[in-house]
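Mind the numbering: the sequence shown is residues 458 to 546 in this note's numbering, read in order.
Worksheet: the structure to be examined is printed underneath.
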Amino acid sequence: RTDSLRRPLPAPRVAFSCYASEMFDVFTGEWRLEPLEQGRSKSTRLTYCVDITPKGLVPVLPLEWRIREDVPLNLNALKRTVEQTTRRI
């Protein structure tokens with residue numbers, strides 16, 4: 458993807474924030490989608506980045522496990538939203 462001057466466009470992204478949480482002072486992040494082309498084959502690289510500041514002491518390993526478990530749930534929710542939005546267009 459390039460603009461009219463053939464400069465690369467930034468990867469599309471979906472930013473998110475949790476505004477009210479009993480567990481976190483900060484929970485923000487983003488999903489980045491990067492189109493990949495190899496010859497005739499096309500795919501997309503999906504990157505997930507999160508910035509977390511817990512309220513109080515939180516053990517790192519259980520927190521990382523929870524995030525890892527939630528990523529597939531979030532991906533499925535994002536997929537459903539995109540599919541529903543696309544159908545309306």
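Ideal placement from N, C-alpha and C gives every residue a C-beta, glycine not left out.
All values derive from a computational prediction rather than experimental measurement.
Around the CB of W488, 16 or more other CB atoms lie within 10 Å, so the residue is classed as buried. Annotation for P519: the continuous alpha helix (DSSP H) segment containing it runs V517 to R545. Sequence-distant Cβ neighbours of L493 in its own chain, meaning closer than 6 angstroms and more than five residues away, are S500 and R502.
The beta-bridge partner set that DSSP reports for K499 consists of E494.
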